[in-house]
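Here the protein sequences line up with chains A and B, keeping their order.
End of the first sequence = 278 in the numbering used here, gap-free, step of one.
End of the second sequence = 521 in the numbering used here, gap-free, step of one.
The beta carbon of each residue, even a glycine, is placed where N, CA and C say it ideally should be.
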Amino acid sequence: MTFFEALSQYSFLQHALIAGLLAGLGCGVIGTYVVVKRISSLAGGIAHAVLGGMGVAYYFHISVTVGALIAALFSALLLGWIRLRKQQNEDILVGALWSTGMAVGILFISQTAGYNADLMSYLFGNILMVHVEDLYWMIALDFLLIATIGIFHKQFIAITFDEEFARLRGVSVDLFYLILLCMVALTVVLLMQVVGLILVIALLTLPAAIAILYVNNILQIMIVASLLGMLFSGSGLMIAYQPDLPVGATIILVAAIVYLIAVITKTLFHRKSGPMLK
Amino acid sequence: MMIDLHNLSFSYPNSPSVLENINLSIEQGEFLGIVGPNGGGKTTLLKLILGLLKPTQGTILIKGLSPIKGRERIGYVPQFANFSRDYPISVMQAILLGRLGKTKRFFGYSKTDYQIAERVMQETYLTDLKHRSLNTLSGGQLQRVLIARALACEPEILILDEPTANIDMRVEEDIFDLLKILNQRLSILVVSHDIGFISGYVKKVACLNKTLICHSTEELTPNLIQNLYSNQTIHAIQHLHSH
């Protein structure tokens, strides 16, 4: 049975595809800011700390998504607060949060019966297990992210471009920075359903990193990155279906290969037309 | 009075003082240059005026207001180093950021914002470059964008931090010619380490090296500058303009 035949028959596959598209949308929009503001290591710290919240939620039999959301927002605010207080050792703290979150998660999951399979699906994602209610979550998150960005577009450009100038113009830089980190946290949770928390960073950064090579305006980068994100999720799912490969890993590899091609093409193009030489 | 500094001192916690007992008044329509050696406290003084630092002692008034309230009347032109040069933004969008604080809080910019942006781009000869991306500009063009962004704030005073640090001599003159024109309607404060160059343009020079001494440009003598810079040799003396 080909992918498309299966898609028309199985609702789990339809859900998976919709989840991939919804995740692509979020990663394109927020990933753009992660790339231009260069906070991918912060995003990595948040992503891994999320396992702590999931583990605790799993142990106490409450919704794992809720646990993930709480842990993501908590670690985003913690890291933001640390940075705003101008601590010198920010990246050590990112590293500490990164591992501590995972350690907490692993401990709690290990104390819950039947942990092995589930641990893997949290770490590497399991898009084929996405339920309808997860899709509602994802739609709500996407909507929230896009609405926030739309309303405060000017402010987010200002704080990611030139913080000091933004502050002088009366923008609440600290507040918007914390909101940005919280949106990164929400996006991490959104993407986690699809590729798992270890692979989140690639899906968050690669589409925007590709877009930035070819367009030079934040709004256009967001649109292109979202389309790329959807394309990677969809094609990753399609490629993985027939040989039964892990979908998350396939999506990431598709993204990485396209990124590589984009960088090489860009380099060659520049050498030919030679604007670098002048 | 545009800016009034009274008995201003500043030191970072547990460090020797950076600024001591600074008194300075900047009048309407003035074009003041502040010069001094690196580490003499120039950037610190600007940060105090902009309300980014709090003075250890003394007062700062901008049009009679505290720096935090008064700084919306200031158009600030930072040194290049403040942002990443490859940020994906067009000349027009970068200039529009100067409208923040004056424009509406939510969603995009208003029609007025675009009109003001167009006007300041004309003033700074950037109209042809408005759709260009910032990372394709030369040093001089980028400097004009930063000036245009500050003008978009509709300021009463323009403050520039080392506006010619990253550009060559010929472009330097263009920038100062532009400032001279802007000075017809704005007060201007320029900070620079290159005393020889700016003394040809500004009306008054203040020399800052922990303490501040103010002179009109005619009074500047090589001896005096030598004194101020103490042990440092300066090449700028030879370019000193006389009026």
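What residues of chain A sit near residue i, judged by a beta carbon separation below 8 Å?
i: R349 of chain B; result: L168
i: P441 of chain B; result: By Cβ distance, chain A contributes nothing, its closest Cβ being about 15 Å from P441 of chain B, past 8 Å.
i: P356 of chain B; result: D162, E164, F165
Alpha carbons only, please: which of the options is nearest the one belonging to residue i?
i: Y122 of chain A; options: A:L190, A:Y33, A:T205, A:S41; result: A:L190
i: M54 of chain A; options: A:A23, A:L93, A:M192, A:L175; result: A:M192
i: N461 of chain B; options: B:N487, B:G318, B:P433; result: B:P433
i: L281 of chain A; options: A:I257, A:G236, A:V254, A:I264; result: Residue 281 of chain A is absent from the structure shown; chain A starts at 1 and stops at 278.
i: L231 of chain A; options: A:L93, A:L197, A:T250; result: A:T250
i: L339 of chain B; options: B:G318, B:Y479, B:L302, B:Q400; result: B:L302
i: F74 of chain A; options: A:I239, A:D142, A:D91, A:L97; result: A:L97
i: L48 of chain A; options: A:G101, A:I212, A:A208, A:F4; result: Residue 48 of chain A is actually His in this sequence, not Leu. Comparing Cα positions, the closest option is A:G101.
i: G418 of chain B; options: B:I445, B:K320, B:A395, B:Y365; result: B:I445
i: T442 of chain B; options: B:R422, B:A428, B:R427; result: B:R422
i: F361 of chain B; options: A:A113, A:G80, A:E164, A:I30; result: A:E164
i: L78 of chain A; options: A:L7, A:C182, A:F269; result: A:C182
i: I149 of chain A; options: A:I127, A:L168, A:I223; result: A:I223
i: V369 of chain B; options: A:A16, A:R169, A:F176, A:I218; result: A:I218
i: F176 of chain A; options: A:L199, A:V200, A:I151, A:T187; result: A:I151
i: I146 of chain A; options: A:A256, A:I18, A:V29; result: A:V29
i: G80 of chain A; options: A:D174, A:I139, A:V263; result: A:D174
By Cβ distance below 7 Å, which residues in the same chain neighbour residue i in space, the five residues on each side in sequence not counted?
i: Y33 of chain A; result: F156, T160, L180
i: P275 of chain A; result: With a pLDDT of 43 at P275 of chain A, under the threshold of 50, the predicted position of this residue should be treated as unreliable, and no value is reported.
i: N316 of chain B; result: H471
i: M279 of chain B; result: S303, E305
i: D439 of chain B; result: T321, L324, V355, P356, Q357, V469
i: P366 of chain B; result: S411
i: L297 of chain B; result: L286, S287, F288, G319, T322, L323, K488
Determine, using beta carbons only, whether residue i comes closer than 8 Å to chain B.
i: E164 of chain A; result: yes
i: V171 of chain A; result: yes
i: A158 of chain A; result: yes
i: V36 of chain A; result: yes
i: K266 of chain A; result: no
i: K86 of chain A; result: no
i: H270 of chain A; result: no
i: I210 of chain A; result: no
i: I223 of chain A; result: no
i: G30 of chain A; result: Residue identity differs from the one stated: residue 30 of chain A is Ile in this sequence, not Gly. False, the Cβ-Cβ gap to chain B never drops below 8 Å.
i: I201 of chain A; result: no
i: H48 of chain A; result: no
i: I218 of chain A; result: yes
i: H131 of chain A; result: no
Within 8 Å (strictly less), CB to CB, does residue i reach chain A?
i: L302 of chain B; result: no
i: N360 of chain B; result: yes
i: S289 of chain B; result: no
i: I367 of chain B; result: yes
i: S470 of chain B; result: no
i: G386 of chain B; result: yes
i: L438 of chain B; result: no
i: G379 of chain B; result: yes
i: Y403 of chain B; result: no
i: L339 of chain B; result: no
i: S293 of chain B; result: no
i: C431 of chain B; result: yes
i: L375 of chain B; result: yes
i: L328 of chain B; result: yes
i: S411 of chain B; result: yes
Give me, in chain order, the residues of the same chain whose beta-carbon lies closer than 6 Å to that of residue i; leave out the 5 immediate sequence neighbours on both sides.
i: K325 of chain B; result: L331
i: G125 of chain A; result: V194, V195, G196, G248
i: A158 of chain A; result: A166, V171
i: P333 of chain B; result: L286, F288, L326
i: L253 of chain A; result: none
i: L21 of chain A; result: M230
i: L144 of chain A; result: none
i: V36 of chain A; result: T160
Once the 5 residues before and after residue i are set aside, which same chain residues still bring their CB inside 8 Å of it?
i: N299 of chain B; result: N285, L286, S287, G336, T489
i: S41 of chain A; result: D91, V94
i: T267 of chain A; result: none
i: Q220 of chain A; result: A211
Could you tell me which chain B residues have their CB closer than 9 Å to the CB of residue i, listed as they occur along the chain?
i: N126 of chain A; result: Near N126 of chain A there are no residues of chain B at all, since even the closest Cβ is about 35 Å away, more than 9 Å.
i: I149 of chain A; result: Ordered by position in chain B, no residue passes the 9 Å Cβ test against I149 of chain A, which lies about 11 Å from the chain.
Report the neighbours of residue i on chain B: residues whose CB is nearer than 8 Å to its CB, in chain order.
i: I70 of chain A; result: None at all; the shortest Cβ gap to chain B is about 28 Å.
i: I239 of chain A; result: Neighbours of I239 of chain A on chain B: none; closest Cβ ~31 Å, over 8 Å.
i: H153 of chain A; result: F385, G386
Segments of 3+ residues assigned as beta strand (DSSP E) that fall wholly inside the stretch 390-453 of chain B:
Listed in chain order, they are 435-439.
Just list the beta strand (DSSP E) runs in the stretch 288-353 of chain B, keeping only unbroken ones of 3 residues or longer that don't cross its boundaries, in chain order.
You should have 297-304, 309-313, 335-340.
Ranges of the beta strand (DSSP E) found wholly within the stretch 88-172 of chain A, counting only runs of at least 3
Here no run is fully enclosed.
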